[in-house]
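Taken in sequence, the protein lines are chains A and B.
Just so we're aligned, residue 355 is where the first sequence starts under this note's numbering, counting upward by one.
Just so we're aligned, residue 114 is where the second sequence starts under this note's numbering, counting upward by one.
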Amino acid sequence: DQQVKQNSPSLSVQEGRISILNCDYTNSMFDYFLWYKKYPAEGPTFLISISSIKDKNEDGRFTVFLNKSAKHLSLHIVPSQPGDSAVYFCAASSNTNAGKSTFGDGTTLTVKP
Amino acid sequence: NAGVMQNPRHLVRRRGQEARLRCSPMKGHSHVYWYRQLPEEGLKFMVYLQKENIIDESGMPKERFSAEFPKEGPSILRIQQVVRGDSAAYFCASSPSQKNTEAFFGQGTRLTVV
């Protein structure tokens, strides 16, 4: 039973356009959500997060939206840049312990010049 | 300020041997988390340790796997009698406290069992 799902294994967008990555979760106990970016042969690096008491968090080109009723979150990247090409992982945790998170399987984003 | 350091980066073991993976958390961090990533999958939580204590090992296989975080030195993930299915990338993360909004990951150890 996968509690965090990223249903799109890959996404390809043109440079300058918007990238939208989606994530669904099933566990109502999750109260904190994170997006990580990962390059090959490296560890995940934190990108942006959102608490369950909010529905939006923005940081520069990155915005995360949370729809608690639908148990759905999304990451928007605007404008997309070639350097954004990486694997993006959605993660969820409870009791605001980001160290112990449940990860999705990732979405590989390719931004074409 | 060094980040989370894992070594070795790559480890090759024959079936039946032991694998020892090391993780030095960021300076000032006393909470360590180990994850395993199989090919084409996400990271799976294994174990959460605080100095000298195992807090949560709910993701750890019951046999052959153990972890420790001694008072002095790095955290160690130990896999005894490795099998081919243990081949994966193992990541360590650290945080300064239990309530944390971000965990910092190391670059991982890629274990290959031949």
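Cβ atoms here follow ideal geometry from the backbone N, Cα and C, with glycine treated the same way.
These numbers were taken from a predicted model, which means no experiment stands behind them.
Below-9 Å beta-carbon distance, residue i vs any chain C residue
i	result
B/E131	Absent here is chain C; the protein component of the structure consists of chains A and B.
Residue-chain proximity (residue i, chain A), Cβ-Cβ < 9 Å
i	result
B/R223	yes
B/S208	yes
B/E170	no
B/Q194	no
B/K175	no
B/F204	yes
B/V117	yes
B/A180	no
Distance between residue j and residue i (C-alpha atoms, nearest Å)
i	j	result
B/Q163	A/K391	26 Å
A/D385	A/N449	7 Å
B/H123	A/R415	35 Å
B/G129	A/L420	46 Å
A/R371	A/L365	12 Å
B/F178	A/S403	31 Å
A/T399	A/V367	22 Å
A/F457	B/W147	13 Å
B/P98	B/Q150	Absent from the model: residue 98 of chain B. The displayed extent of chain B is 114 to 227, so no value can be given.
A/N376	A/K425	11 Å
A/P394	B/K212	29 Å
B/R127	A/K410	49 Å
B/D228	B/H144	Shown here, chain B extends from 114 to 227; a query on residue 228 of chain B therefore has no answer.
B/Y203	B/R223	6 Å
A/K422	A/F443	19 Å
Supposed close pair residue i, residue j - CB separation, criterion 8 Å
i	j	result
B/A216	B/S207	7 Å
B/V226	B/V195	5 Å
B/P187	B/C136	6 Å
A/L388	A/S455	7 Å
A/V441	A/G460	5 Å
B/K184	B/E165	5 Å
A/S428	A/T464	A/S428 to A/T464, Cβ: 18 Å. No contact.
A/G397	B/G221	5 Å
B/C205	B/V117	6 Å
B/E153	B/Q193	The Cβ separation is near 26 Å, so there is no contact.
For residue i, the first and last residue of its enclosing beta strand (DSSP E)
i	result
B/T214	No beta strand (DSSP E) holds B/T214; DSSP gives it neither H nor E.
B/Q119	118-120
A/F468	Examination of residue 468 of chain A is not possible in this model, given that chain A is present from 355 through 467 alone.
B/D169	166-169
A/K392	386-392
A/T450	Where A/T450 is concerned, there is no enclosing beta strand (DSSP E), given that its DSSP letter is neither H nor E.
A/N361	Looking at the DSSP string, A/N361 is not in any beta strand (DSSP E), and its letter there is neither H nor E.
B/A206	201-208
A/V465	461-466
A/M383	It is not in any beta strand (DSSP E) - A/M383 carries neither H nor E in the DSSP assignment.
B/K228	Since the first and last residues shown for chain B are 114 and 227, residue 228 of chain B lies out of range.
Closer than 9 Å to chain B by CB, residue i
i	result
A/V358	yes
A/G414	no
A/L427	no
A/N449	yes
A/E369	no
A/F384	no
A/Y390	yes
A/A446	no
A/F457	yes
A/S362	no
A/S403	yes
A/S419	The sequence shown places Phe at residue 419 of chain A, rather than the Ser named in the question. No, A/F419 lies away from the interface with chain B (no Cβ there is under 9 Å from its Cβ).
A/K410	no
Check: residue i C-beta below 8 Å from any heavy atom of the ligand SAM
i	result
A/L429	Here there are no bound small molecules, and the ligand SAM is not part of this structure.
- Query: In chain order, what residues of the stretch 149-165 of chain B put their CB closer than 9 Å to some CB of chain A?
  - Reply: Q150, E153, E154, G155, L156, K157, F158, Y161
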